[in-house]
Amino acid sequence: MLLNYNFSIQYVNTKDFGQADALSRLISSHTSEPEDRVIAAIDTEITAEIMDNCNHLPVSFEAIQTATSDDPILTQVINYTRSGCWPKIDRNSPLFYYYNRRESLSTINGCLLTSSRIVIPKLLQRRVLYSLHKAHPGQTRMKMLARSYVYWPTLDSDIERLVKNCTTCAKAAKNPVKAELSSWPKATLPWTRVHADSAGPLDGIYYLVVVDAYSKWPEILQMNTISTSATIKAMRRIFAQFGNPQIL
364 MLLNYNFSIQ YVNTKDFGQA DALSRLISSH TSEPEDRVIA AIDTEITAEI
414 MDNCNHLPVS FEAIQTATSD DPILTQVINY TRSGCWPKID RNSPLFYYYN
464 RRESLSTING CLLTSSRIVI PKLLQRRVLY SLHKAHPGQT RMKMLARSYV
514 YWPTLDSDIE RLVKNCTTCA KAAKNPVKAE LSSWPKATLP WTRVHADSAG
564 PLDGIYYLVV VDAYSKWPEI LQMNTISTSA TIKAMRRIFA QFGNPQIL
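Heads up: the sequence shown is residues 364 to 611, going by my numbering.
In structure tokens form, the structure reads like this:
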């Protein structure tokens, strides 16, 4: 964009143009905030966001705190997350789901988070699940809604099972409409109904194929192009010879 302009550079002494250095010099008097204060501010923002997310749930933040402290699995996960030291976890262990997510785990006020989603303890999962399903949004939309706020290892499979067994969801599901196939009625006279299509290109040449439904007689015209105007012109040539059909 700047290539459209011609620039000339001219030296100006700082004494004559001190404003250019004003901003760069002002920063020297700025003192950075203490690290603890910055961390505390970030922690406050995260807490406010999590509390806001809990407003969309049928359980309070305090209820999640209490249930989390009573959940032996989540208690272990929180201890590992706070220490930053995870032992080797067996694939069959219920801790393995959290081990795979250990880089995204954090804790806040006794609750476990994965990214910005709050981990729901086992005791409250059923209540949260049925709240998400209250409006019968369907499997896909229900998963999208759940993934915005909450997490537990079997969340997706629990949603699939609930929707699959819900009669209301089954009735509301869109069944594919079966298109009934039907053939054209049999033509009773020559040239009453004709069918047309384009073929090619074959060696750079197109062909207009017109077939009489009664006699199956084909008319084939070589075409340089299959544009609308060229096709209409070719059709008129055929109809001038055989007459206008009733159905095209």
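A virtual CB, placed ideally from N, CA and C, is assigned to each residue, including glycine.
None of these values were measured; they are calculated from a predicted model.
_CB of Leu458 within 9 Å of CB of Gln439, strictly_ = Taking the first residue of the sequence shown as 1, we reach residue 458 at position 95. Taking the first residue of the sequence shown as 1, we reach residue 439 at position 76. Result yes, Cβ atoms of Leu458 and Gln439 sit closer than 9 Å.
*alpha helix (DSSP H) containing Ile441: first to last residue?*
Your numbering for residue 441 matches position 78 in the sequence shown. Taken as a continuous stretch (DSSP letters only), the alpha helix (DSSP H) holding Ile441 covers 435-446.
*Relative to the C-alpha of Val482, which residue among Trp554, Ser511, Met507 is closest?*
Here residue 482 refers to the residue found at position 119 of the sequence shown. Nearest C-alpha to Val482: Ser511.
*asked:* Taking its Cβ as the centre, do 16 or more other Cβ atoms sit within 10 Å of Ile402, making it buried, or is it exposed?
replied: By 1-based counting over the sequence shown, the position of residue 402 is 39. Confidence at Ile402 is low in this model, with a pLDDT of 48, below 50, so its placement is unreliable and the value that follows should be read with caution. So Ile402 counts as exposed.
_For Ile405, which residues in the same chain have their Cβ closer than 7 Å to its Cβ, ignoring the five residues on either side in sequence?_
Taking the sequence shown and counting its residues from 1, one reaches residue 405 at position 42. In this predicted model, Ile405 has a pLDDT of only 49, less than 50, meaning its place in the structure is not dependable enough to derive any value.
*How would you label Val375, buried or exposed, when you count the other beta carbons within 10 angstroms and need 16 or more for buried?*
Residue mapping note: residue 375 aligns to position 12 of the sequence shown, counting from 1. By the neighbour-count rule (16 or more Cβ atoms within 10 Å), Val375 is not buried but exposed.
*By DSSP, does Cys532 sit in helix, in strand, or in coil?*
Numbered from its first residue, the sequence shown carries residue 532 at position 169. The answer is helix: DSSP assigns Cys532 an H, G or I state.
*If you compare alpha carbons, which of Ser546, Ile610, Arg524 is closest to Thr555?*
Along the sequence shown, one-based indexing puts residue 555 at 192. Ranking the options by Cα distance to Thr555, first place goes to Ile610.
_Glu523, enclosing beta strand (DSSP E) - first and last residue_ = Position 160 of the sequence shown holds residue 523. Unbroken run through Glu523 is the alpha helix (DSSP H), 518-527; no beta strand (DSSP E).
_Quick check: the Cα distance between Thr588 and Ser561, rounded to an integer number of angstroms?_
In the sequence shown, the residue the question calls residue 588 occupies position 225. In the sequence shown, the residue the question calls residue 561 occupies position 198. Rounded to whole angstroms, Thr588 to Ser561 spans 10 Å at the Cα level.
*asked:* For a test of the three-state rule: what should DSSP assign to Val470, helix, strand or coil?
replied: Within the sequence shown, residue 470 is the residue found at index 107, counting from 1. Checking the displayed sequence, the identity of residue 470 turns out to be Thr instead of Val. DSSP places Thr470 in strand when its eight states are reduced to three.
*Can you tell which of Asp379, Lys485, Asn528, Leu571 has the C-alpha that lies nearest to the C-alpha of Ile595?*
Counting from 1 along the sequence shown, the entry for residue 595 is found at position 232. Residue Leu571 is the option with its Cα nearest to Ile595.
*Among Asp575, Ile568, Lys579, Ala603, the one whose alpha carbon lies nearest that of Met586*: For the purposes of this step, residue 586 is taken as the residue at position 223 of the sequence shown. It is Ile568 whose Cα lies nearest to the Cα of Met586.
*Is the Cβ-Cβ distance between Leu598 and Ala559 less than 9 Å?*
Your numbering for residue 598 matches position 235 in the sequence shown. Your numbering for residue 559 matches position 196 in the sequence shown. Going by the sequence as given, residue 598 is Met instead of Leu. Yes.
*Please say whether Pro500 and Asp434 have beta carbons closer to each other than 9 Å?*
Residue numbering aside, residue 434 sits at position 71 when the sequence shown is read from its first letter. Residue numbering aside, residue 500 sits at position 137 when the sequence shown is read from its first letter. Not closer than 9 Å, so no.
*Please list, in chain order, all residues of the same chain as Asp575 whose beta carbon is under 7 Å from its beta carbon, the five residues on each side excluded.*
Here the question's residue 575 lines up with position 212 in the sequence shown. Cβ neighbours of Asp575 beyond the five flanking positions: Pro553, Trp554, Val557.
_Looking at Arg480: is its Cβ nearer than 9 Å to the Cβ of Tyr443?_
Along the sequence shown, one-based indexing puts residue 480 at 117. Along the sequence shown, one-based indexing puts residue 443 at 80. No; because the gap between Cβ atoms is not below 9 Å, this pair is not in contact.
*Near Thr470, what residues of its chain come up, given a Cβ to Cβ distance below 8 Å and the 5 sequence neighbours on each side ignored?*
Here residue 470 refers to the residue found at position 107 when the sequence shown is read from its first residue. If we look at Thr470 and ignore the five residues flanking it on each side, its Cβ neighbours are Ile441, Thr444, Arg445, Leu476.
*Tell me whether Thr503 sits in a helix, a strand or coil according to DSSP, three-state version.*
Stepping through the sequence shown from its first residue, residue 503 is reached at position 140. If DSSP states are grouped into helix, strand and coil, Thr503 belongs with the helices.
*Going by other Cβ atoms of all chains shown within 10 Å of its Cβ, with 16 needed for buried, is Pro450 buried or exposed?*
Taking the first residue of the sequence shown as 1, we reach residue 450 at position 87. The residue is exposed, with fewer than 16 neighbouring Cβ atoms inside 10 Å.
*When the distance is taken between beta carbons, is Leu565 closer than 9 Å to Val573?*
Along the sequence shown, read from residue 1 onward, the residue named residue 573 stands at position 210. Along the sequence shown, read from residue 1 onward, the residue named residue 565 stands at position 202. No.
_Spatially closest choice to Val491 from Thr503, Glu582, Ala509, by CA coordinates_ = Start at 1 with the first residue of the sequence shown, and residue 491 comes out as number 128. Per the Cα distances, Ala509.
*Just tell me which of Ser520, Ser371, Glu523, Ala498 has its CA closest to the CA of Thr531.*
By one-based count along the sequence shown, residue 531 stands at place 168. The candidate whose alpha carbon is nearest that of Thr531 is Ala498.
*Around the C-beta of Cys474, are 16 or more other C-beta atoms found within 10 angstroms, so that it is buried, or is it exposed?*
Along the sequence shown, read from residue 1 onward, the residue named residue 474 stands at position 111. By the neighbour-count rule (16 or more Cβ atoms within 10 Å), Cys474 is buried.
*What is the C-beta distance between Leu487 and Ile436, in whole angstroms, given that I count them as a contact (C-beta under 8 Å)?*
In the sequence shown, residue 487 corresponds to position 124, counting from 1. In the sequence shown, residue 436 corresponds to position 73, counting from 1. With 8 Å as the limit, Leu487 and Ile436 do not qualify as a contact, their Cβ atoms being about 14 Å apart.
*Short check: CB of Ser494 to CB of Pro421, under 9 Å?*
Translated into positions along the sequence shown, residue 494 becomes position 131. Translated into positions along the sequence shown, residue 421 becomes position 58. Against a cut-off of 9 Å, the Cβ pair of Pro421 and Ser494 comes out as a contact.
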